[in-house]
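Residue numbers (the working numbering): 517 to 1088. Ideal Cβ placement from N, Cα and C applies to all residues, glycine included. From a predicted model like this one, the values you see are computed outputs, not experimental measurements. To start, the structure itself, in structure tokens.
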């Protein structure tokens, strides 16, 4: 990627981040405004319902004051003359409803005809209760009168117009709110009152009926959204000691266009401004990146040529209109000349260093060859000292290397185990030969002397790092995994892995080899002893992971041992 492209991408990235940040801020503010307006709509609805309830209550209380006073007087008179209760009620009807007598009816009813909720209001022997229902043309009211066990009902209807005081009160507060439509319905969805403002719309009757049913069950307002319109539906219930208004459905419509349109317009405007800003910044960034990138590209090309030729190329670099870039180019040219001279000096010094390195490398190879030669000579000493041991050590080396490789050890460690495993019994050259070749089992004192061969081996190999693996094998190859070995009684992972490998291979080869005091066992007999145990050897003596790998590869180990043994026999 060229510097110019990189600068362009950086400029574009900065612009995009700025635009995104502005968009996030704008959307956050817009969402806040939308949420605020939605909450305000809900508050307006709650206020509407509350004001309608207050208007209705105020209307009923004022309207019913004379009626309640007259009914209280009627109850008082009936209490003193219950036998003439019907005639007293009839006289009341004719006197109080004289102007609308044709709209007023009196009838005697049974207790079953009285609504249950009204019965609960008729507490005294002589009592009354008024039920009102709003209608399209006005309101209807039922006056229930109880005289001991007798019941009477006065039915009265009165027409009112939209100029009626209650509706005027509703219109008064609606004009102060952002309401597009307000309607009142009976529970049967007969429209009682309608006030349409600002081109308000209505809602389907079936949908309204379902919402009213849901509001009745849940006892909370229902909200419906359709496009930009929000509809609220709730029930108004009013009741006092002697009067109740039947449940009335309130339908209120609000329109969210007031907040949506400004937000949308602002978003469109912001998009247009963003595109303009993006175009202007792109033009400016192209000019700036050209002024900045051309000298840098020339500088980079000069560096590439110097890198390819492995020497500084004295190119003429272009000037820039930017002072800082010119200063940088001048500094580069100065450093180029200085480094060119230094490189010449280093080139001469490097040739001397390479010659010294080659000499050290040759010396290191000779030293390693000397170490290996010494290791082989030690193995030859052990072989010539004890003929049986000599054949034994070759097989131990090959089998140990094979197990180390199967265990997945590093290649270098596998090589060292294979190379130094033959030295595991090197300490036996310091053990009396009569003990090594004794045809019978050793006594406890003799065996104690024999065990010292591990310490002798470690001492012979010394403390050089190169013989670290050989020293561990010689010192620890008689340690046992369960801690019953010697010379230190190490247990489990305390025993180095190279010693654990040689310990298993050493026992296998010893069991398969003939000794002055024992016959040679077959591969199958040896495997039986190692995996199941006998009077001297138990499977707990060995690393369980190594033992599993040994058993899994037992057939190959058998063939390898037989091959090595045959070769040694031919060689001897």
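Contact annotation: residue 708 and residue 759 have beta-carbon atoms that are not nearer than 8 Å.
The stretch 1037 to 1044 makes no contact with the stretch 965 to 974: fewer than 3 CB pairs, one atom from each, lie closer than 8 Å.
Considering only 766, 543 and 741, the residue with the shortest C-alpha distance to residue 750 is 766. Contact between residue 940 and residue 1011 is absent: CB atoms are separated by about 13 Å, not below the 8 Å threshold.
In this structure, residue 1008 and residue 997 form a Cβ contact; the two beta carbons are roughly 6 Å apart against a cut-off of 8 Å. By the Cβ neighbour-count rule, residue 544 is exposed, with fewer than 16 other Cβ atoms within 10 Å of its own. Taken in chain order, the unbroken stretches of alpha helix (DSSP H) that lie wholly in the stretch 868 to 945 and span 4 residues or more are 903 to 922 and 927 to 936. For the set 1047, 1059, 1005 and 890, the Cα lying nearest the Cα of residue 976 is the one of 890. For residue 659, the beta-bridge partners assigned by DSSP are 646 and 670. Contact between the stretch 927 to 934 and the stretch 1061 to 1080 is absent: fewer than three C-beta pairs spanning the two stretches fall below 8 Å. For secondary structure counted as the alpha helix (DSSP H) over 4 or more consecutive residues, the stretch 1043 to 1073 holds these complete runs in sequence order: 1060 to 1068. Contact between residue 604 and residue 590 is confirmed by a C-beta separation of about 7 Å, below the 8 Å threshold. Note on residue 907: 16 or more other CB atoms within 10 angstroms of its CB, so buried under the neighbour-count rule. Of the candidates 1036, 725, 723 and 646, 646 places its Cα closest to the Cα of residue 584.
Burial check for residue 1030: the Cβ neighbour count within 10 Å stays below 16, so the residue is exposed. Residue pairing by DSSP puts residue 710 in a beta bridge opposite 699. Between residue 1017 and residue 878, the alpha-carbon positions lie close to 34 Å from each other. Taking the CA atoms as reference points, residue 635 sits about 16 Å from residue 670.
When secondary structure is reduced to three states using DSSP, residue 762 falls in the strand class. Residues 934, 1076 and 1080 of the same chain have their beta carbon placed closer than 8 Å to that of residue 914, with the five preceding and five following residues left out of the count.
Counting other Cβ atoms within 10 Å of its Cβ, residue 916 reaches 16 or more and is therefore classed as buried. Around the beta carbon of residue 592, fewer than 16 other beta carbons sit within 10 angstroms, so the residue counts as exposed. With a contact defined as Cβ atoms closer than 8 Å, residue 768 and residue 748 qualify at about 5 Å. For residue 992, the enclosing alpha helix (DSSP H) covers residues 984 to 992. Non-local C-beta neighbours of residue 641 in its own chain, meaning closer than 7 Å and more than five positions away in sequence, comprise 664, ordered along the chain. Membership of residue 748 in the beta strand (DSSP E) is indicated by the continuous run 745 to 755. Using a Cβ distance threshold of 8 Å, residue 946 and residue 972 count as a contacting pair. Of the candidates 927, 597 and 660, the residue whose Cα lies closest to the Cα of residue 627 is 660. Around the CB of residue 761, 16 or more other CB atoms lie within 10 Å, so the residue is classed as buried. Taken in chain order, the complete beta strand (DSSP E) segments of 3 or more residues contained in the stretch 591 to 637 are 620 to 625. The beta carbons of residue 1061 and residue 1053 sit no closer together than 8 Å. DSSP places residue 1035 in no alpha helix (DSSP H); its state is neither H nor E. In this chain, the alpha helix (DSSP H) harbouring residue 731 covers 721 to 734. Excluding sequence positions up to five before and after residue 921, its CB lies within less than 7 Å of the CB of 930, all in the same chain and listed in chain order.
About 5 Å separates the beta carbons of residue 1003 and residue 970, which is inside the 8 Å limit, making them a contact pair. Ranked by Cα distance from residue 633, the first of 752, 757 and 599 is 757.
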